Amino acid sequence: MIRTVEPEPHASAPVLAAYSYCEAVTGQQARNFAYGIRLLPTPKRRAMSAVYAFSRRVDDIGDGALSPDVKVARLEDTRALLGRVREGGVDEDETDPVAVALAHASEQFPIPLGGLDELIDGVLMDVRGETYETWDDLKVYCRCVAGAIGRVSLGVFGTEPGARGAERAPEYADTLGLALQLTNILRDVREDAQGGRTYLPADDLAKFGCSAGFRRRIPSPDSDFAGLVHFEVRRARALFAEGYRLLPMLDRRSGACVAAMAGIYRRLLDRIEREPEAVLRGRVSLPGREKAYVAVRGLSGLDARHVTRRTVSRAVRRRV
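Mapping the sequence shown onto this note's numbering, position 15 (from 1) lands on 1202, and the numbers just tick up by one.
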């Protein structure tokens, strides 16, 4: 069982300033993530902001307008910084607020920092321009850039004492990360194509006549783009169903946080399913008021066990 360490009641001024920086980064740049972590108590919210700010730094290196060699060097520098955090080599006088906040968070919570190493590995896969022949291949990438973050987050959330099946909580957190990442891939399919990236498995693209890619706003007439999207949506729903088994293992506010983030992505998936070709015209998103509604609904009493039973039942009927 993963247990949350009770955080210290007070942090020093430099540590609080570092957390404030990370929370500002999260609020400004996390389109969906921020809605969930607002539901957490302050120590967990700060820790999750530190995790996000570090992850954002890694992603920004991968997405930046730099040569591959420079990206690799910066990612390895970031890995070295993570190593110092892991070894207790970062103190509150450091000038890097992300390092200070992450170091403090990892002292307060049993965060598996190796998951952030996996994130760096995943972004290196992007830098190398890797493509994926099968879903099993793509899962390796998704586990690095999203499943690992689910497991890192679980270190902050912890599991409820006596929660049934809690030994499988990291597995469910990982699977929920895969569901979120596959939804991201569907949402960003044209944007990624314009950047020279294709994530969907080549086997799936060939099956639905979509191997030519997604640079056009209108799918090729000899392709079944809607069929491809619906196939991947079903796969994502099955992953959500499995990942939702995590919710009853969490305390109320941590469960609400996860339910809010996952709920936003599931609604996004619903929109993509209803109008597959919309992802070729631009980024599909939810309005802020709808995201806020999902977050409040999660906190105000959406029963995690009910959600899990209902979602699993639906997935069984529609399994890929």
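Note that CB positions come from ideal geometry on N, CA and C, so glycine has one too.
Since the model is a prediction, treat every value here as computed from it, not as a measurement.
Contact between the region 1302-1310 and the region 1332-1340 is established, with three or more Cβ pairs separated by less than 8 angstroms. For D1313, the secondary structure class from DSSP, reduced to helix, strand or coil, is helix.
Its chain contains R1374, L1455, R1458, I1459, A1465 as the residues whose beta carbon lies nearer than 7 angstroms to that of V1471, once the 5 sequence neighbours on both sides are disregarded; these appear in chain order.
The alpha-carbon of G1430 is positioned some 9 angstroms away from that of A1449. Under the DSSP assignment, V1376 falls in the alpha helix (DSSP H) whose first and last residues are 1376-1381.
The three-state reading of DSSP puts N1219 in coil, since its state is none of H, G, I, E or B. Judged by beta-carbon spacing, L1369 lies beyond the 8 angstroms limit of A1356, meaning their Cβ atoms are not closer than that value. Cβ contact annotation for Q1216 (same chain, cutoff 7 angstroms, sequence separation greater than five): R1243, in chain order. L1303 places its beta carbon 8 angstroms or farther from that of L1268.
Comparing alpha carbon positions, the residue from V1277, T1385, H1291 closest to L1325 is T1385. DSSP, read as helix, strand or coil, puts D1278 in coil. The C-alpha of D1247 is placed about 25 angstroms away from the C-alpha of D1280. Here Y1319 carries a coil assignment [DSSP, helix/strand/coil]. In this structure, F1401 lies near V1376, with their beta-carbon atoms less than 8 angstroms apart. Taking T1213 as the centre and dropping the five residues before and after it, the same chain places the C-beta of A1221, S1236, Y1239 closer than 6 angstroms to its C-beta, in chain order.
Distance from L1367 to Y1452 at the Cβ level is roughly 5 angstroms; contact confirmed, criterion being Cβ atoms closer than 8 angstroms. Contact check for D1391 against L1415 passes: the beta carbons are separated by less than 8 angstroms. Just so you know, the alpha carbons of G1337 and V1245 end up roughly 16 angstroms apart.
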